[in-house]
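Taking full-length UniProt numbering, I'd label the letters of the sequence shown as residues 1 to 318. This report refers to the structure that appears directly beneath it.
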Amino acid sequence: MYLWFSGSQAIPKAFLKVQVIEFEPSAYKSAREVIVTDYYRRSILVVPNRRLALDPRNLPSVEDVIQIFSLSREGTRPSLGPFSGLQKAVQKFVESYCDRRSDMPMKSLLSSITRLQLLFGMYRIIPCTIGTPESDEGELASFTMTAQIRLLVCKELRSVETQVFSALDNLVYDQVNIGRENPLAVWACLWTLLFIYKDHMIYTRSTLPEYDISPMIHASRFQLNQHLYNTLTSVYAALYNSTSPLTLDWRTEEISSLLDRDPELIRLFCDIKTEMFWFYAIKDSLLEEDTLFKSLIIENESKLIRAHIKAAKRKGIL
């Protein structure tokens, strides 16, 4: 049997051969509920649940699962409702930044955060199984197989998450602050983390407790994500309260050097600025859980950009 993730057009390398076993039907349910969700709503589907599990003696490695997930989901980007355009613009910039030379400021941390985003995405997506890569008939993996894959992902996720927040903590609370060369990279780090935990808030808010998990425990998952989301919002607001990278003048030598004078990176960053205008225009469609984010980040960013444009007009630049 082969494991894969639905997404973009399947290619042979996006299938992972796995060994499965059939288990006894004690406490087994022949159907399961699967939730399809977005920013505003969710729908529940009932799908078959076969008595299959991955052979615990031959479990795939987390790197094998990451590889097929990356290949099968290549080119697909999560949709966060009103966040969608801005998130895609930031993600394209970060991915391009990480593809540049190794001495770019904080490239290692940004790469780790990109990996963290990938792991969170894997956790939320239910893998599929198929007899052969050439077959046209596939199905969602059983609940047991999904749980086994998620356990692999969680172990790696916790490790990467600890590394990321440890590095970010050392950077943000350093005696010399974030450094002269790092404000743009830190800005990208915080935006990517905000999207990661906002995405996971939507997932934890809309999932159903499996096997009658206590509603209190289930609610605490959402509250933990809400806390991380608000904490990152507060850190961002403290660092970028009076200035924003979105107001930088990329025509100057000093500023363009922050992105190694790379025209493609500068273009991608300017795309973020465009998306921020659109995002501000639809800010009233944000949910109550985004109240702190809306007031401390979006409204402040808009204020700084408007002041920047006004000053540029006075100088005759615009």
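Ideal Cβ placement from N, Cα and C applies to all residues, glycine included. Only a predicted model underlies this, so the values are computations on that prediction, with no experimental measurement involved.
query                                                                                                                                                                   : result
Taking the alpha carbon of residue 293 as the point to measure from, which residue in 311, 233 and 14 has its own alpha carbon closest?                                 : 233
Tell me which residues share the same chain as residue 45 and place their Cβ nearer than 6 Å to its Cβ, disregarding the 5 neighbours each side in the sequence.        : 34
Helix or strand or just coil, what does DSSP make of residue 94?                                                                                                        : helix
If you reduce the DSSP assignment to three classes, tell me which class residue 159 lands in.                                                                           : helix
Considering residue 43, what are the terminal residues of the beta strand (DSSP E) in which it resides?                                                                 : 42–48
Out of 129, 37 and 159, state which residue places its alpha-carbon closest to the alpha-carbon of residue 119.                                                         : 159
Which residue's Cα is closest to the Cα of residue 115: 95, 128, 126 and 104?                                                                                           : 95
For residue 69, I'd like the list of residues in its chain whose CB is within less than 6 Å of its CB, leaving aside the five on either flank, ordered along the chain. : 5 and 122
Let me know if residue 12 comes out buried or exposed under the rule of 16 or more other beta-carbons within 10 Å of its beta-carbon.                                   : exposed
Considering just the uninterrupted stretch of the alpha helix (DSSP H) at residue 138, what are its terminal residues?                                                  : Looking at the DSSP string, residue 138 is not in any alpha helix (DSSP H); the run it does join, the beta strand (DSSP E), is 138–140.
Could you pull the DSSP bridge partners for residue 100 from this structure?                                                                                            : Bridge partners of residue 100: none, in fact.
Output yes or no for whether 9 Å exceeds the beta carbon distance between residue 229 and residue 289.                                                                  : yes
So, is residue 36 buried or exposed, given that buried needs 16 or more other C-beta atoms within 10 angstroms?                                                         : exposed
For my contact list, residue 305 and residue 246 are in at a C-beta cut-off of 8 Å; report their separation, rounded to the angstrom.                                   : 6 Å
My understanding is that residue 186 touches residue 259, with C-beta atoms under 8 Å, so please give their C-beta distance in whole angstroms.                         : The Cβ separation is near 14 Å, so there is no contact.
What does the alpha-carbon distance come out to for the pair residue 286 and residue 83?                                                                                : 9 Å
Which two residues bound the contiguous alpha helix (DSSP H) that contains residue 33?                                                                                  : Not the alpha helix (DSSP H): residue 33 falls in the beta strand (DSSP E), residues 31–37.
With DSSP collapsed to three states, give me the class of residue 252.                                                                                                  : coil
Just to check my reading of the structure: residue 51 and residue 143 have Cβ atoms closer than 8 Å, yes? What is that Cβ distance to the nearest angstrom?             : Contact flag wrong, Cβ pair sits at about 10 Å.
Could you check whether residue 113 and residue 204 sit closer than 9 Å to each other, using their CB atoms as the reference points?                                    : no
Please confirm whether residue 188 and residue 62 have their CB atoms less than 9 Å apart.                                                                              : no
Should residue 73 be labelled buried (16 or more other beta-carbon atoms within 10 Å of its own) or exposed?                                                            : buried
Assuming residue 182 and residue 105 make a contact with CB atoms under 8 Å, what is their CB distance in whole Å?                                                      : 5 Å
Suppose you measure from the CA of residue 22 to the CA of residue 201; what does that come to, to the nearest Å?                                                       : 34 Å
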